[in-house]
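Written below as structure tokens is the structure these notes are about.
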Amino acid sequence: MSQSTGKYIIAAGFILVILGAAVYLLGNKLQWLGKLPGDIRLERQNFKFFFPITTMIIVSVVLNLIIVIIRKLIG
1 MSQSTGKYII
11 AAGFILVILG
21 AAVYLLGNKL
31 QWLGKLPGDI
41 RLERQNFKFF
51 FPITTMIIVS
61 VVLNLIIVII
71 RKLIG
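Residue numbers for the sequence shown follow this note's numbering, so the first one is 1 and each next one is one higher.
As structure tokens, this is what we get:
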């Protein structure tokens with residue numbers, strides 16, 4: 001493994017720790033996540049389907065911003 005790969009792994013671990021702490025501490029305030037307009041939810045008698053498309057887009061944008069910031073700080 002190269003040294004830059006190690007830096008990425010350490011950065012990813014650090015981010016996971018921060019996200020875990022945020023979810024643990026702010027769990028009550030993040031209840032809106034997954035209930036946004038555009039999240040698809042179908043509930044029938046014996047069938048449930050949930051596709052959080054809007055939530056996935058928001059999470060994807062936030063993660064991309066974090067990755068760009070990390071790359072600028074490391075590289």
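Glycine included, every Cβ here is placed at the ideal spot set by N, Cα and C.
Item                                                                                               : Value
Touching by the beta-carbon criterion (3+ pairs, under 8 Å), the region 16-26 and the region 38-49 : no
For G34 and T55, the rounded distance between their alpha carbons                                  : 6 Å
Endpoints, beta strand (DSSP E) assigned at L42                                                    : 40-43
Residue interval of the beta strand (DSSP E) (run including K35)                                   : Here K35 belongs to no beta strand (DSSP E), and DSSP marks it neither H nor E.
Cβ-based neighbour list, I74, same chain, cut-off 8 Å, excluding 5 preceding and 5 following       : S4, K7, Y8, A11
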